[in-house]
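S.K.: Please read through the structure below; I'll follow up with questions.
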């Protein structure tokens, strides 16, 4: 139980509850859920990028004492950059004849 920035109301015809958590300097976490019971599919269809922008910009968040429970989760991502790097002209590094010996000071692979 603590005080959080809280919004409860309609945004572009979508009834939402939003809680903004101050995570660290310059970083916030925004939790949004439908206010009314219904299918999550219907909510997702109405929840557009424009609705999200309006939720982020709405100036009517109030500090409200809430009991908030959030399950622990972890986010991770990976990127395949070879196409993008080749598109900006870095092509030789991806060819069969690429000479990459100077990129590491020690040998990383056994037998190399």
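Residue numbers (the numbering used here): 4 to 115. Yeah, the Cβ is synthetic: ideal placement off N, Cα and C, and Gly gets one too. If you're wondering where the values come from, they're calculated on a predicted model, not measured in any experiment.
1) Which of helix, strand or coil does DSSP assign to residue 39?
2) With a cut-off of 8 Å on the beta carbons, I'd call residue 18 and residue 35 a contact; round off their distance for me.
3) With a Cβ-Cβ cutoff of 9 Å, do residue 9 and residue 30 count as a contact?
4) Report all residues from its chain with a CB closer than 7 Å to the CB of residue 37; omit the five preceding and five following residues, and keep chain order.
5) Can you say whether residue 58 is buried or exposed, counting buried as having 16 or more other CB atoms within 10 angstroms of its CB?
M.R.: The relevant details are as follows:
1) By one-based count along the chain shown, residue 39 stands at place 36. The answer is coil: DSSP assigns residue 39 none of H, G, I, E or B.
2) The residue you call residue 18 lines up with position 15 of the chain shown. The residue you call residue 35 lines up with position 32 of the chain shown. Residue 18 to residue 35, Cβ: 11 Å. No contact.
3) Stepping through the chain shown from its first residue, residue 9 is reached at position 6. Stepping through the chain shown from its first residue, residue 30 is reached at position 27. No, these two residues do not count as a Cβ contact at 9 Å.
4) One-based indexing of the chain shown puts residue 37 at position 34. 18, 19, 46, listed in sequence order.
5) One-based indexing of the chain shown puts residue 58 at position 55. When all chains shown are included, residue 58 counts as buried.
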